[in-house]
Amino acid sequence: MPKGGLSFTLEIKYTVLLVFCLIAAVMDLYTCKVKNPLIAAGIVTGYLFCAHTLGMRGLLVSTAGLLIPLLSLMAFYRHGFFGAGDLKLFAMIGSFIGPEDIVFVMTASLFAGAVIGSVKLLLSEKEDSLHRIRFALPTFLGVAAVVFGVI
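Heads up: the sequence shown begins at 27 in our numbering, then just goes up one per residue.
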């Protein structure tokens, strides 16, 4: 994220991104799915914000941000560590923030997921209760950590 104060446009962009991620987290917790219309709306919005702030270069930045999670996390999806919705959610986030910051978001989200999974394991009485965690919540926390400059 940019150092120093953010422009009003960037503040709006990050607020909208956080709202999309919060909706995805709530949706994931209640339905165990992140719906495609939300992802599609987020990707279009991310592209529009990047185009508005960076012009034509913004479209390239947005595309690179979208592709990095898809390409780098595909193995995790294929082995069942992520659901398709999680992968698409990272792609949507990348369309907002571009290729550099999406790497930080993915790292922070994986860390948050590990912490949540560990706490769930410690508090659980059943051995198989960690079979799945809803990953949109750690993703929201990862985005918040990057947007607010925690990492």
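For each residue, glycine too, the CB sits at the ideal point set by N, CA and C.
(request) To the nearest angstrom, report how far apart Val131 and Ser144 are at their CA atoms. (result) Between the alpha carbons of Val131 and Ser144 lies a distance of about 20 angstroms.
(message) If you reduce the DSSP assignment to three classes, tell me which class Leu99 lands in.
(response) Correct three-state label for Leu99: coil.
(request) Find the nearest neighbour of Gly84 within the set Cys58, Lys61 and Ile123, judged by alpha-carbon distance. (result) Nearest of Cys58, Lys61 and Ile123 to Gly84, Cα basis: Ile123.
(message) Just to confirm my understanding: we take His105, look at its own chain, exclude 5 residues before and 5 after, and list those with CB closer than 8 angstroms. What are they?
(response) For His105, where only same-chain residues beyond five positions count, there are no Cβ hits under 8 angstroms.
(message) Quick check: what's the CA-CA separation for Lys146 versus Gly72?
(response) Their Cα atoms are separated by approximately 33 angstroms.
(request) Would you please state the rounded distance, in angstroms, between the beta carbons of Asp127 and Ala162? I believe it to be under 8 angstroms. (result) Rounded to whole angstroms, the Cβ separation of Asp127 and Ala162 is 18 angstroms, and the two are not in contact under 8 angstroms.
(request) For the region 55-107, list the alpha helix (DSSP H) runs that are entirely contained and at least 4 residues long, ordered along the chain. (result) Counting whole runs of 4 or more residues, the region 55-107 contains the alpha helix (DSSP H) stretches 62-80, 82-98 and 100-104.
(message) What does the alpha-carbon distance come out to for the pair Gly120 and Leu167?
(response) Roughly 15 angstroms between the two C-alpha positions.
(request) Just tell me which of Tyr40, Ile177 and Thr133 has its CA closest to the CA of Ile94. (result) Distances from the CA of Ile94 to each of Tyr40, Ile177 and Thr133 were compared; the closest alpha carbon is that of Thr133.
(request) Could you check which residue in Ala77, Leu43, Leu80 and Ala138 has the C-alpha nearest to that of Leu64? (result) That would be Leu43, whose Cα lies nearest to the Cα of Leu64.
(message) Considering just the uninterrupted stretch of the alpha helix (DSSP H) at Val129, what are its terminal residues?
(response) Val129 -> alpha helix (DSSP H) spans Ala110 to Leu149.
(message) Assuming the contact rule is C-beta atoms closer than 8 angstroms, Gly81 and Phe46 should be a hit. Round their C-beta distance to whole Å, please.
(response) 23 angstroms between Cβ atoms; not a contact.
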